[in-house]
Amino acid sequence: MPSAMPSAVTILHLEDSPLDCELACARLRKAGISCDVTRVDTRAAFEAALVKAAADGRRFDLILADFSLPDFDGLEALGIAKARAPETPFLFLSGRMGEETAVSALKLGARDYVLKQRLAHLPAAVERAIVEARTLAERRLAEENLRRLRQAIDDIRDYAIVTLDPEGRITSWNEGSRRLFGHTEEEALGHPLSLLFAPEERCAENIRGLLASVAEKERCEVEWIHAARDGRRFFGSTVLTVARDATGALAAYSVVVRDITDRRASEIALRDSEAKFRAIAESMPQLVWSAPPDGLPDYYNLHWFAYTGTRPEAMTGTAWMEVVHPDDRARTAALWTSAVRSGGSYEVEYRLRGAEGRYRWFLGRAVPLRDGDGRITRWFGTCTDIDDAVKARAAQADAREDLERQVAERTAELVAANRRLLGEVAERQRAQADLSALYTKTPVPLHSLDAEGRLLSVSDRWLEFMGYESRGQVLGRNITEFMPPDVAREHREHRWPELLRLGAFQDMPYRLVKRSGEVADVLVSARIERDGWGGFLRTMAAVVDVSARLRAEAERERAEEALRHSQKMDALGQLTGGIAHDFNNLLTAISGNLDLLLSRLDTAERGDLRDYASHAKVGATRAAGLTQRLLAFARRQPLRPDATEPCVLVEGMEDLLRRTVGEQVSIATDCPPDVWAAWCDSNQLEIALLNLVVNARDAMPDGGRITITAANARLTAADVAGDASGAAPGDYVVLTVADTGMGMPPDIIKRAFDPFFTTKPIGQGTGLGLSQVYGFVSQSHGLVRIDSEAGRGTAVRLYLPRCDGEEGVGLPQGGAAVPVADGAMDGVADNTAGTVLLVEDEALVRMVAVQALEDAGLDVVEASDGTEALELLDGGLRADLVVTDVGLPGMNGRQLAEAVRERRPELGVLFMTGYAYDATLGTGILEPGCEVLQKPFETTALVARVTGMLANMRGGGGAGGAGTLRESVPERHCD
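Quick note on numbering: the sequence shown equals residues 108 to 1082 in the numbering used here.
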């Protein structure tokens, strides 16, 4: 029988809120559960409590845990509990625990979970978890006892006994083996153990696994299907043990097999018989019980527990005598003991105490059930209510006068009872009238249902909430008519039966369909009202509208998801930007050394080496292009935004795009003349469109159609809410590239912009195309949207800010400083000689720059950081120009330039950087006499820039001249 709850439950409560712990304890005590609670709130305290309990030789009856904890979560706590106290039931008590998390916790071994908002469910969950854990422990103990019993029985039966050598080959074969399997000893010797098993059980892996398990455990018992020589198949109980020599090494296996086919059949028949007996016993109106041959009952039907009010776990041994009237116990015990000893029938009249404490007369009978040998296997007994019959016999034995007196007294009692009943009816009618008035005017939607689920009554607020004018429109209709089909089905199949069974439920989630068709999310609390005899009267239910709350929660979850996506893209941008910066430094060294090498291989005799160096130079140039793609995704590439006409740009690219996609793919464009100009870098936009068209072509291996459209759009705050790019509301130009290809599932769309992510085969894509598009549009203060469905094509929309005609006023085209032309050095050689202070922390880059400048006839003084450079200037160095890296250790390039200008305001500064300019030098216009050179650069570009700046300063346009615009995105003034 199931285990009972302990008198005092010991609970380890993992909870960081003392108030929540006290509330849980109060709820348990209110439910009649005495509990001794140990509260811990950290991982260390939790583990220490488990260790101490184990050291003291005890364990907690229950572990109760919150899910959200200061230094770890509930799932980690569950893992610790399963490792240190696997037998202790684990139950979650959390304020917020999603269904997916709850399912994961249950799969990992949690017994149950209870929300803090539904603390009323805690006592039942606690009792259920403890009882189940104790029952499981008792079941395991019983199974272990049964295993030992079977072993003892096997040791005293006739067996087929076989021995095996360490390799699993048969070395001995007794007579029992021959009778059971049909093989002679000569036929069996030397064969593997698989000879004993049916063909489907002879898998070599199964045999090796079995022998390995025996070698590890010393003894193993299994039940397998065996096959005899004549093809007969039977179930066998097989016991395998090992024998070891004096050194402990494995010497042999012993295999003992017993045919248990008949036993298996008997067990199946016994289970069927017991099931039939229980079905019959539960259907009988009498109190039914059963006992083994020793006469101690071990089974009672439900009617017994319903009448006596006892619990199954309490009815063990002779406990049934406790419900027998004290005056009847001695006689009943004597008759039952005599029947058990003699094996005869048993019949007795006695009084049994009911659940309410009253006694009624019963006729107890029992007969023995015997096996084929006449031995008693069980006792089957019934208790029939004869209370009325006994009272009738007593009444007949009384004198007529006594009977008349009883009739008179009974009549008086009935009259008094009738008067009381009339008073109760009147009082109930008055209470019902008051309830009806309150029910009609209450601000909470209320309704009542009959036993079939039809509406009996509704409150005024219910009609208003559902959108009906009168009760005649709804009364008599089944409540499921006001629910969506799936909710109606769930209500009929599960929730309504549960309400009828439990009598009440609280805050059950439903969805109701209003008259207007609007679907409202509600919480329903309901209870069943019954009459004085326990019969069903009606269900009363209250409805709480939670639609607004659920919409707010859904909106919050969407915002949180957008924030997570934004943080992810920013982190990837920082990573890729840093990689590109370091790679640019390396490429500067590689490309610069190649330039120097090529300048020294200008003879025909070294043409082969010059070709090799030229090829390496091409590779370095391609690598530089890759870093530009990384900077594009990281939104750190230099852009030259200007007013861009999208229709003109698309028209100019049509021939290129058609040649790119081939003949199998057609391209159509739709660019109305009234489309606004966009404020963006037109070159980068062309690259983005080309990337999108190539992706669309690759998505249509069998051909298809690509459509490029341009349109105007106004985005509101709601349209851009939660977008990771941070675009602002306003006017945008929308360029759309749509194809009829294979489309993308949602999981691919989520990762489409991740750098190096591609669905193309290896060697057919870098995974940077869409990343570059995303970075370019985000850096241009726009946004990208993908609409796609597997098998239905893809549409990628680029939203670029509208140009209002004011951007770039007073700036050169593209907003970049104009580089020195290739011929700018002609005739100014006399003005470009001078001393350059070169500050660069990367030795390879510094070496290349020094060599290139010295080859140009300049004097170069090196410094590895800002501090060393200032020491040189303070020591008397008369430099004509400072060339410095921006990302220096300690003092950066911008801070160095400021310190240099404080000492020598006329001294020009050329910045070198592997980042985009706005990522390192800030926004706006550089000070006069300062310029920027982007890494990786050609050595000729470095020399041209340095000599150009020296020439400008000596020609009168020095540091005090007009300011030089840095190469970056100008400040936007777009809508």
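All C-beta atoms in this analysis are idealised placements derived from N, C-alpha and C, irrespective of residue type, glycine included.
Roughly how many angstroms lie between the CA atoms of Glu334 and Thr484, to the nearest whole one? What sits at residue 334 in the sequence shown is Ala, not Glu. The straight-line gap from Cα to Cα measures roughly 34 Å.
Check whether His598 and Thr587 have beta carbons under 8 Å apart: yes
Report yes or no: do the segment 466-479 and the segment 505-525 share at least 3 C-beta pairs separated by less than 8 Å? no
Which full runs of the alpha helix (DSSP H) of 4+ residues lie inside the segment 386-467, going along the chain? DSSP runs (the alpha helix (DSSP H)) wholly in the segment 386-467: 409-415 and 436-449.
Assuming contact is defined by CB atoms lying nearer than 8 Å, are Thr491 and Phe469 in contact in what I supplied? yes
How many Å lie between Leu409 and Leu394 at the Cα? 8 Å
Let me check understanding here. Comparing Cα to Cα, which of Ala162, Gly297, Thr291 and Gly1055 lies closest to Gly275? Of the candidates Ala162, Gly297, Thr291 and Gly1055, the one whose C-alpha sits nearest the C-alpha of Gly275 is Gly297.
Quick one: grab the DSSP three-state call for Ile493. coil
C-alpha distance - Ala948 paired with Ala970, whole-angstrom precision: For clarity, residue 948 is Asp in the given sequence; the question names Ala instead. In this structure, the alpha-carbon of Asp948 lies about 8 Å from that of Ala970.
By DSSP, does Met849 sit in helix, in strand, or in coil? coil
Which residues DSSP lists as bridging Arg645, in chain order: Glu636
Is it buried or exposed for Phe740, if we count other Cβ within 10 angstroms and need 16 for buried? Any answer about Phe740 is weak, because its pLDDT of 46 lies below 50 and its placement is not dependable; what the coordinates show is given next. Label assigned to Phe740: buried.
Which whole-angstrom value is the C-beta distance of Pro748 and Trp786, which I expect to be below 8 Å? 6 Å
For a minimum of 3 consecutive residues, which ranges assigned as the beta strand (DSSP E) are wholly contained in the segment 744-779? 749-751 and 772-777
Alpha carbon of Gly639 to alpha carbon of Thr415, nearest angstrom: 21 Å
Let's test the definition: count the other Cβ atoms within 10 Å of the Cβ of Arg339 and tell me whether it reaches 16, buried, or not, exposed. exposed
Among residues of its own chain, excluding the 5 on either side of Leu157, which ones have a beta-carbon nearer than 6 Å to its beta-carbon? Arg191 and Ala192
How many angstroms separate the CA atom of Leu135 from the CA atom of His228? 10 Å
Of all the options Val581, Ala835, Ala515 and Leu459, which has the alpha carbon lying nearest to the alpha carbon of His888? The residue with the shortest Cα to Cα distance from His888 is Ala835.
May I ask you to list the residues that DSSP assigns as paired with Val48? Shown here, the chain extends from 108 to 1082; a query on residue 48 therefore has no answer.
Look at Val960 and Val1053 and say whether their C-beta atoms are less than 8 Å apart. Per the sequence shown, the amino acid found at residue 960 is Leu instead of Val. Yes, they are a contact pair.
Buried or exposed, going by whether 16 or more other CB atoms sit within 10 Å of the CB of Ile375? The residue in question, Ile375, is exposed, as its Cβ has fewer than 16 Cβ neighbours within 10 Å.
Anyone know if the C-beta pair for Glu631 and Val650 falls short of 8 Å? According to the sequence displayed, residue 631 carries Val and not Glu. Result yes, Cβ atoms of Val631 and Val650 sit closer than 8 Å.
DSSP state of Asp1025, grouped into three classes? Bear in mind that the predicted position of Asp1025 carries a pLDDT of just 43, short of 50, making it too unreliable to give a figure here.
Tell me which same chain residues have a C-beta within less than 7 Å of the C-beta of Leu979, skipping the five on either side of it? Leu944, Val968 and Ala970
Could you give the residue range of the alpha helix (DSSP H) that holds Ser284? Element bounds for Ser284: Glu282 to Phe288.
Buried versus exposed call for Arg1008 [16 or more other C-beta atoms within 10 Å across all chains shown]: buried
Among Gly882, Asp894, Ala859 and Gly900, which residue has its Cα nearest to the Cα of Met807? Gly900
Roughly how many whole angstroms lie between the Cα atoms of Ser373 and Asp379? 10 Å
Please list the segments of the alpha helix (DSSP H) lying wholly inside the segment 981-1015, counting only runs of 4 or more residues, in order along the chain. 1000-1010
Take the Cβ of Gln503 as the centre, count every other Cβ of all protein chains shown within 10 Å, and call the residue buried at 16 or more, exposed below. exposed
With 16 as the cutoff for other CB atoms within 10 Å, does His120 come out buried or exposed? With 16 or more other Cβ atoms within 10 Å, it is buried.
Look up Met573 in the DSSP assignment and say whether it is helix, strand or coil. DSSP places Met573 in the helix class (H, G or I) of the three-state scheme.
Counting Cβ pairs, one atom from each stretch, are 3 or more of them under 8 Å apart for the segment 519-531 and the segment 546-566? Touching, no, given that fewer than three Cβ pairs across the two stretches are closer than 8 Å.
Rounded C-alpha distance that separates Val772 from Thr814: 11 Å
Assuming Val362 is part of the alpha helix (DSSP H), what are its boundary residues? It is not in any alpha helix (DSSP H) - Val362 instead sits in the beta strand (DSSP E) that spans Leu357 to Asp366.
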